[in-house]
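Quick notes on the structure that follows.
Residue numbers (the numbering used here): 46 to 441.
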């Protein structure tokens, strides 16, 4: 248990008393991670700090479940500074759940373009339609009903329910995982089942009886601004005197570092196929990297097959689009990363020769667009970059 004990120490006069931070295993009867006094002190200090330090963010202007939901989905794997502009544009286009539910998925993906992890946008759209159909367009208040929606797990459901409705629900995401691990001086792997169980228990124990949403936001804010992964600002932390990790000098060691990611180098080609004043796009199919988005024909190539690049380009476009091409100029090389892959993308131009009928199966969904029309369709980030080279190549 994390707590305090009162000690008599030498001081002015006969004796002085002080509280000293202690750590001891919780007894079976207590079954708590923090003492009552520790919890009281932490809540008081955190609230006072949040009143001074809380950022003005667009999703905090109204206590609205829809706004909280959209912001929480956008903030997954994405920094606050990036999300702010996207959130404002998204809410301008879709100010309500009903507006989002009525939108075309392509419009939703176009506004999401650049945020990445596009499955989030598709699930957001699917959930909006479910809310419109099953809940009359009103965001459900019940925690389990929220959690049953597409793309919403335990953390997101708790964030929405607590912030919008002041429901007593704990939260656990990257910032609070790090913060709670340090408040517990938890040195094991926070991603494993035992670590997750302990951290969820801690998050629930710390919840106050009222203003739960403000408290949860304060936890996330403290983890984001002060209790950072590297070089945390312990001198600015309202919980420094309560933190066993700081007391033991283990701030840089907790949480336990993640296993180093082994990145894999991949070579790919993207082919801009021209037919007159138009270029070819194909719709990425379910199971592909950017399902639901449009892209130029793109595929893995063998860079060591010298003298056979043109053959690979012809074969790749034929396989993906059912079209025979004649390769032309190399437009550019783009280096980028997707999860554990480090990709070198060679962008090539090609001229349309003929469509090759497919036997026994339907072909992919294709579109021929003029250069100015490319701005209206959702593309991945590298696809949008390729558009810049397309315009130069075609003299537009």
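We put the beta carbon where it would ideally sit given N, CA and C, even for glycine.
Short of 6 Å from the beta carbon of residue 311, and not among the five residues preceding or following it, lie these beta carbons of its own chain, in chain order: 386 and 388. By alpha-carbon distance to residue 323, the top candidate from 440, 375, 293 and 175 is 440.
DSSP lists no bridge partner for residue 417. Using a C-beta cut-off of 8 Å, the stretch 295 to 302 makes no contact with the stretch 319 to 338, since fewer than three inter-stretch Cβ pairs fall below that distance. Distance from the CA atom of residue 434 to the CA atom of residue 128, rounded to whole angstroms, is 27 Å.
When DSSP states are grouped into helix, strand and coil, residue 340 belongs to the strand group.
For residue 389, the three-state secondary structure derived from DSSP is strand. Counting of Cβ neighbours within 10 angstroms places residue 266 among the buried residues, the total reaching 16 or more. Beyond the five residues adjoining it in sequence on each side, residue 146 comes within less than 6 Å, by CB distance, of 173, 174 and 177 in the same chain, given in chain order.
Around the C-beta of residue 308, fewer than 16 other C-beta atoms lie within 10 Å, and the residue is accordingly described as exposed. With a beta-carbon spacing of about 11 Å, residue 356 and residue 363 fall beyond the 8 Å limit used to define contacts. Your pair residue 142 and residue 111 checks out as a contact, with CB atoms roughly 5 Å apart and the cut at 8 Å. Here DSSP, grouped into helix, strand and coil, assigns residue 323 to strand.
Secondary structure within the stretch 165 to 227: the alpha helix (DSSP H) runs of 4 or more consecutive residues, fully enclosed, are 188 to 192 and 199 to 210 (chain order). Unbroken alpha helix (DSSP H) runs of no fewer than 4 residues, entirely contained in the stretch 88 to 130, are found at 110 to 120, following chain order. Residue environment for residue 82: exposed (fewer than 16 other C-beta atoms within 10 angstroms of its C-beta). If you compare the alpha carbons of 122, 237, 273 and 225 with that of residue 251, the shortest gap goes to 225. Residue 103 holds the alpha-carbon nearest to the alpha-carbon of residue 130 among 103, 113, 153 and 271. If you compare the alpha carbons of 262, 91 and 193 with that of residue 116, the shortest gap goes to 262. Sixteen is the threshold: when 16 or more other Cβ atoms of the shown chains lie within 10 Å of the Cβ of residue 86, as they do, the residue is buried. Annotation for residue 369: the continuous beta strand (DSSP E) segment containing it runs 368 to 383. Closest option to residue 123, judged by alpha-carbon separation, among 428, 269 and 376: 269. Proximity to residue 210 across 273, 107, 197 and 230 peaks at 107, based on C-alpha coordinates. Of all alpha-carbon atoms in 431, 139, 423 and 212, the one lying nearest the alpha-carbon of residue 393 is that of 431. Residue 374 and residue 320 have their C-alpha atoms roughly 15 Å apart.
Exposed is the label assigned to residue 396, since fewer than 16 other Cβ atoms lie within 10 Å of its Cβ.
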